[in-house]
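Taking it in order: structure first as structure tokens, then the write-up.
What follows is the structure, given as structure tokens:
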């Protein structure tokens with residue numbers, strides 16, 4: 060499920076500027092004065108000048124003693140001494156290579172031993188995380204630059220072997236192996252086919268919901284490549300039309316629309332059949348690894364654990380309530396159960412996505428205490444130690460430093476709206492490496508001797524600082540001081556708490572500049588509300604909310620029950636019953652806002668995108684909902700229309716939870732919506748299909764109702780091409796102005 064502040068995919072097809080349709084299918088015509096030109100201040104808040112700068116492609120080298128960065132022009136990779144932060148040398152200059160000449164690179168990756176660099180250009184997004192690109196291999200000593208493959212001009216998910224002498228990559232759903240010493244290429248698989256079999260990279264659902272773009276792993280001795288095969292031949296097909304448009308025209312559709320088709324399993328339908336395979340580099344033979352449990356539905360991860368005889372296969376049941384780890388010898392294919400982790404509701408995604416392996420133990424995240432904490436296990440499956448504890452959640456695990464016997468992690472230990480980076484040693488002593496108030500995250504060198512902290516709060520734009528452990532500052536990499544100055548007079552988030560059904564909720568508001576408490580202001584409620592998500596965070600943010608505040612609105616955001624950072628009891632209440640408690644809490648938040656002396660209780664609107672769009676529809680349909688207008692972007696309108704992994708994680712299947720699906724569908728409450736409603740969607744949304752919007756509109760028409768609708772042809776879930784997001788927020792502001800001012 061997508062959040063609007065993420066970086067979204069462009070997909071492989073083009074995007075086009077929007078046009079407006081009414082829900083009753085009549086064309087809504089506006090004069091030029093109704094368009095984006097009526098908002099001369101929009102670029103200050105939605106233009107590129109609002110973005111914080113970050114160190115470009117900052118990467119620690121293998122030994123941690125050096126780091127590299129990409130030059131601003133994308134032509135050079137420059138090495139720095141990590142201990143001093145001083146420049147050492149230019150490792151790669153595209154103006155000084157042999158054999159092949161390219162103008163610039165989009166990114167790079169060093170081989171493990173540091174003698175080669177894999178670089179790429181012309182990356183094209185496939186889905187949210189995946190992309191194909193033109194890859195090249197650069198030999199540092201000889202300055203030789205060559206295409207990774209001439210047989211396959213575009214490649215996907217390339218992976219160096221541990222010794223840096225081979226690269227496995229995917230092209231057209233098959234895995235290929237490039238031996239760099241001899242510059243030979245051979246096929247590892249041959250059965251890959253579009254919408255049928257995928258090797259080495261995940262299908263759409265795995266990529267989206269298990270947050271991965273590669274399904275290959277090398278053995279530590281370089282002799283075996285293991286991978287996951289996805290047989291999606293029985294997964295139902297989904298398709299949507301493609302049009303010519305006017306921005307980057309798809310000329311092949313100038314007279315007739317085309318069609319984009321892919322495999323997308325909706326709740327209750329068949330998933331890809333997944334299997335794990337091992338490829339022997341020497342004899343070129345492949346074996347399938349047979350796991351003993353026939354009830355395995357998902358294999359979200361495979362990874363070697365410091366031994367060529369120990370491949371860890373992570374498995375889940377369909378309900379995602381039970382994880383079992385198997386330790387497999389890829390040569391014999393013998394698999395033994397290593398660990399079983401179960402939870403009464405859904406397992407935390409960190410439990411199976413963020414396991415880290417070390418020579419003598421591994422570390423998992425578990426919710427068994429009621430909060431997400433770290434646990435250390437031996438390879439016999441015995442619990443060695445609970446690493447963290449307390450009434451807070453660990454939100455990221457960075458790794459273990461064997462020299463200092465210290466685990467490093469991010470948590471909510473200083474409050475749900477904050478994120479602090481900490482270390483805990485063998486005695487259980489915790490040391491914070493970042494400020495206690497604000498949002499901090501870290502990137503560590505492989506030896507854990509150095510780290511970079513990214514920090515921001517409501518008053519501080521992101522800063523990037525290089526340290527050595529423990530907490531010795533080396534260099535400020537970026538402080539975004541110019542950004543801070545540019546928005547120095549922009550109102551910041553003000554945090555508050557309120558109650559709903561006796562439960563305390565966190566919230567913030569953004570007030571207009573020159574706020575006058577004796578006036579009455581309209582309010583726009585913003586929320587996302589999805590399970591485990593958080594919007595109420597003590598972080599820097601400049602965007603549409605600040606723009607609306609500059610136009611006289613108060614923005615109010617409340618994280619209701621089901622959201623993250625506050626333990627499992629707060630989250631689990633929504634299990635098998637999405638939309639119920641979240642909408643109760645959003646209505647309560649609107650009523651709280653209405654009670655404030657400076658709020659006009661008759662001018663309160665609500666907005667959300669994706670899950671937030673879904674929740675907008677649910678909240679607006681509650682009896683007595685106090686909204687003067689509602690705007691839902693890319694909303695789910697029935698969980699039966701969404702993908703298996705996400706929908707079933709929280710709702711089980713429709714066959715198991717028929718009442719829950721019926722009660723959670725905005726489609727069933729269209730006649731309850733009493734305020735003006737605007738829905739916006741992209742017709743090429745591969746995530747929350749435009750089909751959701753069409754079904755909702757159809758239900759509204761059948762009920763004798765109408766709403767307003769803005770359609771973005773050929774655009775995906777982000778509605779972000781051709782500056783279309785500006786149109787989204789400009790149209791929304793215009794809609795609130797028309798109905799609430």
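Numbering (my numbering), first residue to last: 60 to 800. Glycine included, every Cβ here is placed at the ideal spot set by N, Cα and C. Note that this is a predicted model, so its numbers are computed, not measured.
Excluding five sequence positions before and after residue 646, the CB atoms of its chain that fall closer than 8 angstroms to its own CB belong to 678, 681, 683, 684, 685, given in chain order. If you draw a straight line from the Cα of residue 467 to the Cα of residue 521, it comes to about 21 angstroms. Taking C-beta atoms under 8 angstroms as the contact rule, residue 157 and residue 201 qualify, at a distance of about 7 angstroms. Along the length of the region 399-432, whole beta strand (DSSP E) runs at least 3 residues long occupy 421-425, reported in chain order. By the Cβ criterion, the region 395-405 is in contact with the region 372-387, since at least three pairs of Cβ atoms, one from each stretch, lie closer than 8 angstroms. Excluding sequence positions up to five before and after residue 262, its CB lies within less than 8 angstroms of the CB of 289, 291, 294, 322, 331, all in the same chain and listed in chain order. Per DSSP, the beta-bridge partners of residue 317 are 301.
A Cβ-Cβ separation of about 6 angstroms places residue 239 in contact with residue 225 under the 8 angstroms criterion. Counting of Cβ neighbours within 10 angstroms places residue 707 among the buried residues, the total reaching 16 or more. Residue state for residue 181 is assigned as strand, using DSSP reduced to three classes. A residue is called buried once 16 or more other Cβ atoms fall within 10 Å of its Cβ, and residue 129 is buried on that count. For residue 294, there is no enclosing alpha helix (DSSP H), as DSSP marks it with neither H nor E.
When secondary structure is reduced to three states using DSSP, residue 682 falls in the coil class, being assigned neither helix nor strand.
For residue 215, the uninterrupted beta strand (DSSP E) run begins and ends at 214-219, by DSSP.
Taken in chain order, the complete alpha helix (DSSP H) segments of 4 or more residues contained in the region 586-614 are 603-609. Taking a cut-off of 8 angstroms for Cβ pairs, the region 685-696 and the region 722-732 touch, as three or more such pairs fall below it. For residue 413, same chain residues with a beta-carbon under 7 angstroms away, outside a window of 5 residues either side, are 424, 456 in chain order. Counting other Cβ atoms within 10 Å of its Cβ, residue 172 stays below 16 and is therefore classed as exposed.
Residue 235 counts as buried, since no fewer than 16 other beta carbons sit within 10 angstroms of its beta carbon.
Taken atom to atom, the span from the alpha-carbon of residue 150 to that of residue 220 is near 21 angstroms.
Per DSSP, residue 513 is one residue of the beta strand (DSSP E) stretching across 509-516. Look at residue 251 here: in three-state DSSP terms it is coil, with no helix or strand label.
The region 440-512 contains, as complete beta strand (DSSP E) runs of 3+ residues, the segments 442-445, 453-460, 465-470, 479-484, 489-491, 498-503 (chain order). Taking C-beta atoms as the reference points, residue 720 and residue 695 fail to come closer than 8 angstroms. Taking all protein chains in view, the Cβ of residue 287 is crowded by 16 or more other Cβ atoms within 10 Å, so the residue is classified as buried. Residue 437 holds the alpha-carbon nearest to the alpha-carbon of residue 364 among 437, 253, 191, 477.
Residue nearest to residue 552 within the set 210, 394, 601, 134 is 601 (criterion: CA-CA distance). For residue 676, DSSP records no beta bridge to any residue. Within the region 92-134, the complete alpha helix (DSSP H) segments at least 4 residues long are 101-105, listed from N- to C-terminus. Contact check for residue 95 and residue 786: beta-carbon distance about 6 angstroms, within the 8 angstroms limit, so the pair qualifies.
Under the DSSP definition of a beta bridge, residue 666 partners with 585, 690.
Just so you know, the alpha carbons of residue 477 and residue 797 end up roughly 37 angstroms apart.
The straight-line gap separating the alpha-carbon atoms of residue 716 and residue 351 is approximately 29 angstroms.
Counting C-beta atoms within 10 angstroms of its own C-beta, residue 603 has 16 or more neighbours from the protein chains shown and is therefore classed as buried. In the DSSP assignment, residue 711 falls outside any beta strand (DSSP E) and carries neither an H nor an E.
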